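Novice: In my numbering, the protein residues as written are 14 to 341.
(1) Do you know offhand how far residue 107's Cα is from residue 64's?
(2) My assumption, with CB atoms under 8 Å, is that residue 306 sits in contact with residue 162. Please give the rounded CB distance.
(3) Starting from residue 211, follow the alpha helix (DSSP H) in both directions and report where the run begins and ends.
(4) Could you give the C-beta distance for residue 262 and residue 278, rounded to a whole number, given that I count them as a contact under 8 Å?
(5) For residue 136, report the span of its beta strand (DSSP E) as first-last.
(6) My guess is that residue 231 and residue 254 are in contact by the Cβ rule of under 8 Å, so how many angstroms apart are they, rounded?
(7) What is the C-beta distance between residue 73 and residue 131, in whole angstroms, given that I count them as a contact (C-beta under 8 Å)?
(8) Quick one: is residue 213 buried, meaning 16 or more other Cβ sit within 10 Å of its Cβ, or exposed?
(9) By Cβ distance below 6 Å, which residues in the same chain neighbour residue 84 in space, the five residues on each side in sequence not counted?
(10) In this structure, does DSSP put residue 244 in helix, strand or coil?
(11) Roughly how many angstroms lie between the CA atoms of residue 111 and residue 172, to the nearest whole one?
(12) Just how far apart, CA to CA, sit residue 236 and residue 183?
(13) Rounded to a whole number of angstroms, what is the C-alpha to C-alpha distance between residue 152 and residue 251?
(14) Would you decide whether residue 200 is buried or exposed? Buried here means 16 or more other CB atoms lie within 10 Å of its CB.
(15) Is there contact here, the region 132 to 145 with the region 179 to 198, by at least three beta-carbon pairs under 8 Å?
(16) Apart from the five residues just before and just after residue 122, which ones in its own chain have a Cβ nearer than 7 Å to its Cβ?
(17) In this structure, how does DSSP classify residue 398 when only helix, strand and coil are distinguished?
(18) Out of 87, 23, 320, 176, which has the shortest C-alpha to C-alpha gap to residue 61?
(19) I need the straight-line Cα distance from residue 50 to residue 270, nearest angstrom please.
(20) Determine the DSSP secondary structure at residue 277, reduced to helix, strand or coil.
(21) By the three-class DSSP mapping on this structure, what secondary structure does residue 166 have?
(22) For residue 128, does the three-state DSSP call read helix, strand or coil?
(23) Between which two residues does the beta strand (DSSP E) holding residue 189 run?
(24) Does the distance from the CB of residue 288 to the CB of residue 259 come in under 7 Å?
(25) Between which two residues does the alpha helix (DSSP H) harbouring residue 295 extend?
(26) Tell me whether residue 284 is buried or exposed, calling it buried when 16 or more other Cβ atoms sit within 10 Å of its Cβ.
(27) Do you know offhand how far residue 59's Cα is from residue 66's?
(28) Tell me the DSSP secondary structure of residue 329 in three-state form.
(29) What residues in its chain sit with their C-beta under 6 Å from that of residue 228, if we drop five residues either side in the sequence?
(30) Going by CA-CA distance only, name the one from 124, 126, 109 that's closest to residue 118.
(31) Tell me the rounded alpha-carbon separation between residue 77 and residue 96.
(32) So what does residue 261 bridge to, in DSSP terms?
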């Protein structure tokens with residue numbers, strides 16, 4: 014099969030012919046149809062996430078069809094279309110797993126990081142961590158739901174019942190979560206890089222009632238803010254936009270250092286928290302909700318062999334919505 018291989022930080026992915034993997038016990042072999050491009054993939058190839066298996070096939074927003082079942086798998090039939098998210102496996106026995114917090118499992122394995130992912134024509138996945146894809150979503154439009162959608166949804170839940178919601182960094186996750194928040198009756202305020210008029214127009218198109226620069230204050234105090242951009246300087250900016258009792262939710266797996274800020278912008282029972290990974294319950298809830306909104310994913314497609322180009326476009330902020338590799 015064709016696959017894009019990551020050999021180490023700072024090196025471009027290389028196209029290679031490698032053997033089709035065999036599913037082990039509890040696994041399924043998937044024919045990959047599409048795989049989303051995520052900022053986490055950038056953090057891996059740029060060396061900011063430092064524990065990948067090498068060599069590695071990246072990609073963790075996988076849509077594919079089941080072509081072979083490993084021993085003991087009865088959940089899916091051959092031909093079923095499924096999605097594979099970032100969380101690829103957990104131990105199931107640690108205190109996090111047994112208390113409903115499997116996203117924090119100390120022994121978790123992540124798709125496209127410790128397990129080979131979807132930048133390839135075939136991949137294997139733990140059947141317990143795959144999701145049926147909702148009807149009505151073509152492969153390309155379904156792929157961003159599996160990380161941008163799921164992490165956005167978990168971040169939104171962490172934001173509580175905030176009526177006025179700020180969203181900083183208007184990319185793949187933001188364009189999905191804005192639609193969900195608007196569907197729930199919230200007012201969304203979108204923040205982009207200074208001067209990004211196109212991004213601000215996109216935010217309004219997706220349902221934001223206001224969009225402006227991350228250096229601006231919104232016209233109304235925020236009850237909560239979600240930060241998707243990996244820029245630590247946005248934390249104090251978001252705190253300044255919050256009313257008393259509001260919270261900042263950091264939705265990324267990696268962020269640059271948060272600069273020093275005065276205590277008075279945290280005082281008033283404001284809070285800062287992070288979102289780590291996802292649980293299978295998040296996936297079940299969000300994939301049931303998405304068709305009701307209905308979430309519409311904006312995608313920019315690339316052939317498999319153009320994965321480096323796609324990552325470069327993401328790094329430059331040149332993708333409207335989500336980038337997706339077309340594998341078949």
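Even glycine gets a Cβ: it sits at the ideal position worked out from N, Cα and C. It should be emphasised that the depicted structure is a prediction, and the values quoted were computed from it without experimental measurement.
Specialist: Walking through what the data contain:
(1) The straight-line gap from Cα to Cα measures roughly 21 Å.
(2) The Cβ separation is near 10 Å, so there is no contact.
(3) It spans 210 to 219 - the alpha helix (DSSP H) in which residue 211 sits, taken as one unbroken run.
(4) The pair is not a contact, with the Cβ atoms about 16 Å apart (cut-off 8 Å).
(5) Residues 135 to 139.
(6) Contact between residue 231 and residue 254 is confirmed by a C-beta separation of about 6 Å, below the 8 Å threshold.
(7) Right, the Cβ-Cβ distance comes to about 7 Å (below 8 Å), so this counts as a contact.
(8) With 16 or more other Cβ atoms within 10 Å, it is buried.
(9) Setting aside the 5 residues that flank it on each side, residue 84 is surrounded in the same chain by 38, each with a C-beta closer than 6 Å to its C-beta; the list follows chain order.
(10) Note: residue 244 maps to coil in three-state DSSP.
(11) Between the alpha carbons of residue 111 and residue 172 lies a gap of roughly 24 Å.
(12) Between residue 236 and residue 183, the C-alpha separation is close to 19 Å.
(13) Going from the Cα of residue 152 to the Cα of residue 251 covers about 35 Å.
(14) A residue is called buried once 16 or more other Cβ atoms fall within 10 Å of its Cβ, and residue 200 is buried on that count.
(15) With contact defined as three or more Cβ pairs closer than 8 Å, the region 132 to 145 and the region 179 to 198 are not in contact.
(16) Hits under 7 Å: 101, 102, 128.
(17) Residue 398 lies beyond the stretch modelled for the chain, which goes from 14 to 341, so this question has no answer here.
(18) Looking at the Cα atoms, 23 is the closest of the given residues.
(19) Computed Cα separation, rounded: 24 Å.
(20) Residue state, collapsed to three classes: helix.
(21) DSSP places residue 166 in helix when its eight states are reduced to three.
(22) When secondary structure is reduced to three states using DSSP, residue 128 falls in the strand class.
(23) That residue, residue 189, is in no beta strand (DSSP E); its alpha helix (DSSP H) goes 185 to 196.
(24) Their beta carbons are not under 7 Å apart, which means residue 288 does not touch residue 259 by this criterion.
(25) Following the DSSP letters along the chain, one finds residue 295 inside the alpha helix (DSSP H) bounded by residues 293 to 302.
(26) An exposed status is given to residue 284, since fewer than 16 other beta-carbon atoms sit within 10 Å of its beta-carbon.
(27) Rounded to whole angstroms, the gap between the alpha carbons of residue 59 and residue 66 is 14 Å.
(28) In the three-state scheme derived from DSSP, where H, G and I count as helix and E and B as strand, residue 329 is classed as coil.
(29) So the qualifying residues of the chain are 207.
(30) When 124, 126, 109 are compared, the shortest CA-CA separation from residue 118 is found for 109.
(31) The straight-line gap from Cα to Cα measures roughly 7 Å.
(32) Paired residue(s): 238, 285.
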